[in-house]
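Just below is one structure, and these are the notes that go with it.
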Amino acid sequence: MPFEWQDLREWLARVEALGELRTIRGVDWDREMGGVVEICCRQLAERLPALLFDEIPGYRAGYRCLYAMLNSPRRFALTMGMPLDIPGGTMGYLRAFRERMKAITPVPARVVDHGPILENVDEGTVVDLLKFPVPVHHELDGGRYIGTADAVVTMDPESGWVNLGTYRMQVVDRQAATLYISPGKHGRLHLDRYFEAGRPCPVVAIVGIDPLLWVPARYQVPYGVSEYDYAGGIRGEPVAVLQGKTGVPIPANAEIVLEGEVHPGDTHPEGPFGEWPGYYAGGERPEPVMRVTRVLYRDDPILTCAASNKPPHAHLFERCFIRSAGLWDGLERGGVPNVRGVWVHEAGAGRTFIVISIKQSYYGHSRHAGILASQMSPAAYIGRWVIVVDDDIDPSSMYEVLWAMGTRCDPATDIEIQRKCWSSKIDPLTFTEHYYNSRAVVDACIPYEHRHDFPKVAVSSRELRARLIERYPAVFREILGTIPDP
Ligand SMILES: Cc1cc2nc3c(=O)[nH]c(=O)nc-3n(C[C@H](O)[C@H](O)[C@H](O)COP(=O)(O)O)c2cc1C
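Numbering (the numbering used here), first residue to last: 45 to 530.
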């Protein structure tokens, strides 16, 4: 399907036409925008519209901040070039997303010599990161974070492989910001390669980004593949990039881009920051500093923002989506047959509570699925609970999952515990620097040997349901306001 939008502004116009954009004026950058987003998100979860803050006190009108870009099924579908209305609820969208991702072949970026990002260029002593309404997102954050819904672009010094990763950036002063890149992430590997050679690492940070580029920046795109090319693959045409001053390519249609370098040994205290598990668990510690030498931005630029907090938060829905799709793919690749659904739950902050539904096909099938999932990327890191349910249970419905746990799982025999698993400093239960945790795999499937004699579920049959809906549409419309799915 051809994409009808080329940049964040055209995408926002489409989102507005869908009725999913609200512009809010006069809210302060200092803890207020973050607080407003959190309050609204707690009420609406994935029904939260995209929130564009304008007329931020102390800043020129038009210098805006955007939160909750992708936090709805329709905004996510729009971004990925999928149909906007897909039947089958969350699992319907998830199936369509998996099909979409399977069809992607990276398309190399195209170098151009002009683009809207060149509308304003500040260089040298004129550089001022606080020219933009950079928020303090949470009450106890250690400072103002210019990079949250961002992409940090680095290049491998030898192969020239260009990587984009979403890594947070805290303002140090008007011309510097820290980069928090956890060990093993691709951007960190690039930094380390420059540092080992005693050289500074050139960096581009896209802090006003379009949502299509933001998806691969936070997705585990394979080592060696550029997220620019991956985004081009989703779009079906190359991403237009400018050759920046540092040699690292810059997206021509971005809103705000920082160019600069990170020097070996140059660090500054970073954090604390409200982390995705819902705590300020990482504390403050030294992290590398990006010295910013050039800032490029459009007229009336939009800073894109994403601040985690105790779930739900405003970039959680799509996080669960992306991770569920990756886990489902992994289970299939790992040889688990008849997986009927996967949902990495919002209440588990998109990591700690995972549900897999299977059509049980052999003795041990449910343990096979659950134990494998508990140790498989993208679930292996800071996992906690994996629940396996039968295929009559919607894994995205907490109500159904709890019902299955309450009626099909015998705690004495159906919970497997794994110890010394992969965790990190941001897990609130790691009290020492030994970053282990444990996992429970909960088998909430009907015992396979009782699949034929287990009590029947007291629920209307498909046939009865379909007949009643067909016969009494007016009754359902009057009571429910809509006609339910058969
Ligand atoms: C809003 C948001 C903020 C994130 N912040 C960080 C961060 O500060 N540091 C980090 O290492 N990963 C962070 N991540 C996770 C990485 O973006 C993710 O692991 C991504 O795959 C990294 O790219 P890479 O695979 O190219 O290293 C964040 C993700 C999101 C969605």
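Just so you know, even glycine gets a beta-carbon here, dropped at the ideal spot from N, CA and C.
Residue i Cβ short of 7 angstroms to ligand 1 heavy atom set
i, result
"Tyr111", "no"
"Lys469", "no"
"Lys354", "no"
"Ser226", "yes"
"Arg212", "yes"
"His182", "no"
"Ala350", "yes"
"Ala325", "no"
"Glu207", "This sequence places Asn at residue 207; Glu is not what is there. True, at least one ligand heavy atom lies under 7 angstroms from that Cβ."
"Gly231", "yes"
"Ala424", "no"
"Arg363", "yes"
"Arg104", "no"
"Tyr480", "no"
"Tyr263", "yes"
"Thr192", "yes"
Three-state secondary structure (DSSP) of residue i
i, result
"Ala298", "coil"
"Tyr189", "strand"
"Ser410", "helix"
"Gln462", "strand"
"Met199", "strand"
"Tyr480", "strand"
"Val178", "coil"
"Ala4", "An answer regarding residue 4 cannot be provided, because it is not within the stretch 45 to 530 covered by the chain."
"Ile527", "coil"
"Pro345", "coil"
"Thr474", "coil"
"Gln219", "coil"
"Ala518", "helix"
"Ile292", "The question names Ile, but residue 292 in the sequence shown is Val. Coil, per DSSP."
"His230", "helix"
"Phe97", "strand"
"Ile278", "helix"
"Glu167", "strand"
"Met213", "strand"
"Glu143", "helix"
"Ser441", "coil"
"Tyr272", "helix"
"Gln87", "helix"
"Cys109", "strand"
"Thr123", "helix"
"Cys364", "helix"
"Trp447", "helix"
"Arg377", "helix"
"Ser418", "helix"
Distance, residue j Cα to residue i Cα
i, j, result
"Phe498", "Glu281", "53 angstroms"
"Ala261", "Met124", "14 angstroms"
"Ser504", "Leu65", "39 angstroms"
"Val388", "Glu90", "14 angstroms"
"Leu96", "Asp185", "22 angstroms"
"His409", "Asp435", "13 angstroms"
"Ile461", "Arg483", "6 angstroms"
"Leu446", "Ile431", "10 angstroms"
"Asp200", "Val206", "7 angstroms"
"Pro246", "Trp49", "30 angstroms"
"Ser270", "Ala195", "12 angstroms"
"Glu54", "Pro93", "16 angstroms"
"Val156", "Asn297", "11 angstroms"
"Gly288", "His312", "26 angstroms"
"Leu138", "Asn115", "14 angstroms"
"Asp217", "Leu173", "8 angstroms"
"Ser401", "Pro439", "6 angstroms"
"Gly326", "Tyr189", "15 angstroms"
"Gly132", "Pro528", "12 angstroms"
"His359", "Ala220", "26 angstroms"
"Ala456", "Cys489", "14 angstroms"
"Trp320", "Gly392", "10 angstroms"
Residue i classed as buried or exposed, judged by whether at least 16 other C-beta atoms fall within 10 angstroms
i, result
"Arg395", "buried"
"Val251", "buried"
"Arg377", "exposed"
"Phe176", "buried"
"Phe141", "buried"
"His357", "buried"
"Gln214", "buried"
"Ala249", "buried"
"Asp343", "exposed"
"Glu167", "exposed"
CB contact check: residue i to chain D, cutoff 8 angstroms
i, result
"Phe176", "Among the chains of the structure shown, chain D does not appear; only one protein chain is present."
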